[in-house]
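Novice:
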C-alpha cells in the first residue's frame, strides 16, 4: 500500500508546523471584509514591484539560483517556511508571509513572532494598516532577547585541533556581549553553528561530513560553556575580534538568529561549514558587508574571520585567551627544577612525600608550585588523563595547602601571546619555479588550496605542524614537450609534538595522494601511483643558536599503480628529520627508508634538504634538493599566498 503524504500522517514533531500552515490557509479564506481587502491589496502591491525578488528577501530565506534559473533554499527543515512550496518558490513564500499578518490565535504562535525579521522588513516595505494588522506581541522572542540583552558582538576564532577531522582548520562563532556585563564571561552568550551528530570522529564521521549528510543548526549557548569546550577540553587558544556592528545591525542579527532556530542546513566540512554559515547571518545584520559572496569553492575559518573583521572595520584590538595548557606551560617555565618535580608529583598522586619536601621551601615558592600543580591537575582532567574522582582526591589537598599560605605574589603577567590569524599568510598558495634534474631542466607550477607545511612561516598557524589539502605540483618537460603531475596530494597532516614528560604526546603523520614512482626508471611523468602512508613517533627540541626540532617516525606505506611490479606494494620503515628556524629562514632535512614486504618488494630511499626564506607576509623563496632512489633534483621556487577565490 502506498504511503500517504502531506499532513494526514506525519511524525508528531511536525504536527505544529502543519497546523500553522492550515491556520494560515484557513485564516486567509475566512477574514473580515476589511482585512480581506487589505490582504488582497498587500499581495497586489508586492506583486507589482516583484517584492519576492528583493535581494534582502532572498537572503532572509537563503535562496540560491538553481542551474535551471529557479530558486532553492538549502534549509531542509520545513518549519523554516510558511508555504508548502516555500523552499523552492520565494513568491509563494512571500504570499504566505503576507497572509500571516492576518492569522488568528495567540501572538506567540503567529508567523510574525516565529519570523520577526521577515515581518519587520515586510512592514517596512508594505506598511499595512496598524489598526487592521497591528504588530504582534512576541513574548517568547522578547524574553529570549532580554535574557541575552545584547550590547555588542565579537567574532571568536578557536585555533585548529588536529585530532578531530571537523576542527582541523579551526572554528568560528559569535559572542554576544550582555549590556553592562563588562566582559564577564558568565553573563554572555554565543551564537554557534555546528553539525548535529552523535559521532565524535573517525573515518565515517569525516566522509559523512564531506557529502553534507549531517544537518547543521544554530544554537545559543552560554559563553562559559564554550570556554570550557575549547579552552579547557581541547586546549585551543581563542582569539576574539570585536565587530563594529551598529545597534540596528545587532537588532537585525538577533531577530534573524531567532528565525534560524527553525532552520537546518546540510553541513559540509569544506564549504558550507560552521564558518561560512556565519557570513550570510552577518550579511543580514549589515547588508552592505556582502561577505557570503566572497566565498565560492571552499571555506576556511581563518579566511572568514579575516574577511568579517576587515569588512566591519572594528578599530578595537583583538583579545587573546590562551588555552589551559598554555597557562600551565607558562607557570611551569617559572619554576625551578625541584619545584617542577614536586608539582608533577602532587598532580600525579604521589603527595605525602611531596608535601613534606615542599615545607622546606619559602612560602612564595610553595605557593608557586602548588598553583602550577592545581592547573596541571585541571589540564589532566580535561585532557581525560584522570577521572573526576582522581581530580577531587588530588586537588583537594593541593588547594587546601595553597589556601593556608594566604596571598602570595607568585606569577605576574600572562603567557607569551601567539600571533593572531591576521598576522599569518593567506591560506592558498601558488608557486612557479625551475627544476634541475638529471635528464634536463623542468618548469614547475605549484597550487595548494590550503594551508601550511613545515617550511611555511608559522605565524598565525599551528606551530610544528603541516596541514595541506589539495596540493598540486605540475611540471613541464621541454625536452619531450610534456606536461604531467609530479604530485597531487589529497591530504597531508603532520603533527610534531616535542616530547614533554608532563604531556607525553606522540608525533604523527598521515598522507594520501598521487606521486611519481620515479625510482622505477620509467620516462618522466609516466610512473604515477596512488600512495597512502601513516606514521607515529616522537620529537624532541634543542636550542643551539636557534631552535631545532628532531623527529623520528615509524611509517607504514602502500602504493597502487602500473608503474609497480604486481601493481601494488605495502611496507614500512623509519623516517627521521630535523626542522630549524631563525628569523625569516626555515630549514628542513629529512630521510626515509621503506622496506616493502608485499607486492613490489624493492626498497625505497627518499630524502629532502630544503630551505625557505620569507620575503613578505605573503611571499617566500624556497630552495630544495631531493632524491628518490637514484633520481636526484634541485629546485628553486617562488611562492605566493592568496586569499582563496
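In the numbering used here, the protein residues as written are 1 to 645.
Backbone N, C-alpha and C define an ideal beta-carbon position, used for all residues, glycine too.
Please classify residue 509: does DSSP put it in a helix, a strand, or coil?
Specialist: Reading the chain shown from its first residue, position 509 is the one you call residue 509. Strand, per DSSP.
Novice: Would you report the Cα separation of residue 323 and residue 95, rounded to the nearest angstrom?
Specialist: The residue you call residue 323 lines up with position 323 of the chain shown. The residue you call residue 95 lines up with position 95 of the chain shown. Computed Cα separation, rounded: 50 Å.
Novice: To which residues of the same chain is residue 487 closer than 8 Å at the C-beta, ignoring the five residues directly before and after it?
Specialist: One-based indexing of the chain shown puts residue 487 at position 487. The answer, listed in chain order, is 471, 472, 473, 513, 514, 515 and 516.
Novice: Please tell me whether residue 305 and residue 176 are closer than 7 Å, where the distance is taken between their beta carbons.
Specialist: Along the chain shown, read from residue 1 onward, the residue named residue 305 stands at position 305. Along the chain shown, read from residue 1 onward, the residue named residue 176 stands at position 176. No; because the gap between Cβ atoms is not below 7 Å, this pair is not in contact.
Novice: Report all residues from its chain with a CB closer than 6 Å to the CB of residue 8; omit the five preceding and five following residues, and keep chain order.
Specialist: The sequence position of residue 8 within the chain shown is 8, counting from 1. Model confidence at residue 8 stands at a pLDDT of 35, short of 50, so the residue's coordinates are unreliable; what they give is reported in the following sentence. If we look at residue 8 and ignore the five residues flanking it on each side, it has no Cβ neighbours.
Novice: Tell me residue 239's beta-bridge partners as DSSP assigns them.
Specialist: Position 239 of the chain shown, counted from the first residue, corresponds to residue 239. Looking at the DSSP assignment, residue 239 forms a beta bridge with 157 and 320.
Novice: Quick check on the burial criterion: 16 or more other C-beta atoms within 10 angstroms. Buried or exposed for residue 2?
Specialist: Locating residue 2 in the chain shown gives position 2, counting from the first residue. Residue placement at residue 2 cannot be trusted, given a pLDDT of 39 that sits under 50; what the coordinates show is reported in the next sentence. So residue 2 ends up on the exposed side.
Novice: How do the stretch 361-370 and the stretch 404-418 stand: do at least 3 beta-carbon pairs fall below 8 Å, yes or no?
Specialist: Cβ pair count under 8 Å is three or more, so yes.
Novice: Got a sec? Which residues, its chain only, sit under 7 Å from residue 43 by beta carbon, not counting five neighbours each side?
Specialist: As a working mapping, residue 43 is identified with position 43 in the chain shown. If we look at residue 43 and ignore the five residues flanking it on each side, its Cβ neighbours are 95 and 98.
Novice: Applying the 10 Å Cβ sphere with the 16-neighbour rule, what's the burial state of residue 17?
Specialist: Start at 1 with the first residue of the chain shown, and residue 17 comes out as number 17. With a pLDDT of 41 at residue 17, under the threshold of 50, the modelled position of this residue cannot be trusted, and the question is left open.
Novice: With distance defined between alpha-carbon atoms, name the residue in 632, 318, 284 and 273 nearest to residue 296.
Specialist: Taking the chain shown and counting its residues from 1, the one referred to as residue 296 is at position 296. Per the Cα distances, 273.
Novice: In or out: residue 364 buried (at least 16 other Cβ within 10 Å) or exposed?
Specialist: As a working note, residue 364 is residue 364 in the chain shown. So residue 364 counts as exposed.
Novice: Leaving out the 5 sequence neighbours to the left and right, which residues in its chain are closer than 7 Å to residue 613 when beta-carbon positions are compared?
Specialist: As a first step, residue 613 must be located in the chain shown, where it is residue number 613. Hits under 7 Å: 584, 585, 620 and 621.
Novice: Compute the beta-carbon to beta-carbon distance between residue 423 and residue 451, rounded to the nearest angstrom, for a pair I have assumed lies under 8 Å.
Specialist: Counting from one through the chain shown, the residue named residue 423 turns up at place 423. Counting from one through the chain shown, the residue named residue 451 turns up at place 451. Incorrect: roughly 15 Å between the Cβ atoms, too far for contact.
Novice: With residue 241 and residue 154 assumed to form a contact (beta carbons below 8 Å), what rounded beta-carbon distance in angstroms separates them?
Specialist: As a position in the chain shown, residue 241 is number 241, starting the count at 1. As a position in the chain shown, residue 154 is number 154, starting the count at 1. The Cβ separation is near 6 Å, so the contact holds.
Novice: Report all residues from its chain with a CB closer than 6 Å to the CB of residue 648; omit the five preceding and five following residues, and keep chain order.
Specialist: Residue numbering for the chain in the displayed model covers 1 to 645; residue 648 lies beyond these limits and cannot be assessed.
Novice: How many angstroms separate the CA atom of residue 640 from the CA atom of residue 430?
Specialist: Indexing the chain shown from 1 puts residue 640 at position 640. Indexing the chain shown from 1 puts residue 430 at position 430. Approximately 5 Å between the Cα atoms of the pair.
Novice: Enumerate in chain order the residues of its own chain whose CB-to-CB distance from residue 703 is below 6 Å, with the five nearest sequence positions on each side excluded.
Specialist: In the structure as shown, the chain begins at 1 and stops at 645. Residue 703 is therefore absent and cannot be evaluated.
Novice: Taking buried to mean at least 16 other C-beta atoms within 10 Å of its own C-beta, is residue 243 buried or exposed?
Specialist: Sequence index remark: in the chain shown, residue 243 carries index 243 (1-based). Residue 243 should be labelled buried.
Novice: Please list the segments of the alpha helix (DSSP H) lying wholly inside the stretch 265-321, counting only runs of 4 or more residues, in order along the chain.
Specialist: Segments of the alpha helix (DSSP H) lying fully in the stretch 265-321: 278-285 and 301-312.
Novice: Spell out the partners DSSP gives residue 477 in its beta bridges.
Specialist: As a position in the chain shown, residue 477 is number 477, starting the count at 1. BP columns for residue 477 point to 482.
Novice: Is the distance from the Cβ of residue 169 to the Cβ of residue 277 below 7 Å?
Specialist: Position 169 of the chain shown holds residue 169. Position 277 of the chain shown holds residue 277. Taking 7 Å as the Cβ cut-off, residue 169 and residue 277 do not qualify as a contacting pair.
Novice: Could you check what DSSP says for residue 558 in three-state terms: helix, strand or coil?
Specialist: What you label residue 558 is simply residue 558 of the chain shown in a count that begins at 1. Strand at residue 558.
Novice: Which residues mark the beginning and the end of the beta strand (DSSP E) in which residue 142 is found?
Specialist: Taking the first residue of the chain shown as 1, we reach residue 142 at position 142. Residue 142 -> not in any beta strand (DSSP E); alpha helix (DSSP H) instead, spanning 139-148.
Novice: Which term fits residue 284, buried or exposed, when burial requires 16 or more other beta carbons within 10 angstroms of its beta carbon?
Specialist: Taking the chain shown and counting its residues from 1, one reaches residue 284 at position 284. It counts as buried.
Novice: Residue ranges of each alpha helix (DSSP H) run of no fewer than 4 residues wholly in the stretch 43-129, ordered along the chain?
Specialist: Taking only runs of at least 4 residues, the alpha helix (DSSP H) segments lying wholly in the stretch 43-129 are 55-60, 90-99, 111-114 and 116-126.
Novice: Do residue 442 and residue 477 have their C-beta atoms closer together than 7 Å?
Specialist: Here residue 442 is taken as the residue at index 442 of the chain shown, counted from 1. Here residue 477 is taken as the residue at index 477 of the chain shown, counted from 1. Yes.
Novice: Just how far apart, CA to CA, sit residue 79 and residue 115?
Specialist: Numbered from 1 along the chain shown, position 79 holds the residue referred to as residue 79. Numbered from 1 along the chain shown, position 115 holds the residue referred to as residue 115. Computed Cα separation, rounded: 11 Å.
Novice: Can you tell me which residues form a DSSP beta bridge with residue 620?
Specialist: What you label residue 620 is simply residue 620 of the chain shown in a count that begins at 1. BP columns for residue 620 point to 614 and 639.
Novice: By the DSSP assignment, the alpha helix (DSSP H) with residue 254 in it spans what residues?
Specialist: Within the chain shown, the letter at position 254 stands for residue 254. Start and end: 247-259.
Novice: Can residue 249 and residue 286 be called in contact, C-beta distance under 7 Å?
Specialist: Against the chain shown, residue 249 aligns to sequence position 249. Against the chain shown, residue 286 aligns to sequence position 286. The answer is yes: Cβ separation under 7 Å.
Novice: Excluding the 5 residues preceding and the 5 following residue 255 in the sequence, name in chain order all residues of the same chain whose CB lies nearer than 6 Å to its CB.
Specialist: Along the chain shown, read from residue 1 onward, the residue named residue 255 stands at position 255. Answer for residue 255: 116 and 117, listed in chain order.
Novice: Can you list, in chain order, the residues of its chain whose CB lies under 8 Å from that of residue 642, leaving out five sequence neighbours each side?
Specialist: Position 642 of the chain shown, counted from the first residue, corresponds to residue 642. Excluding sequence neighbours, residue 642 sits near 426, 428, 429, 430 and 618.
Novice: Starting from residue 389, follow the alpha helix (DSSP H) in both directions and report where the run begins and ends.
Specialist: Walking along the chain shown from the start, residue 389 turns up at place 389. First-last of the alpha helix (DSSP H) with residue 389: 388-404.
Novice: Applying the 10 Å Cβ sphere with the 16-neighbour rule, what's the burial state of residue 645?
Specialist: Position 645 of the chain shown, counting from 1, holds the residue named residue 645. The residue in question, residue 645, is exposed, as its Cβ has fewer than 16 Cβ neighbours within 10 Å.
Novice: Use the C-beta contact count for residue 337: other C-beta atoms within 10 angstroms, 16 or more gives buried, fewer gives exposed.
Specialist: Mapped onto the chain shown, residue 337 falls at position 337. Exposed, because fewer than 16 other Cβ atoms sit within 10 Å of the Cβ of residue 337.
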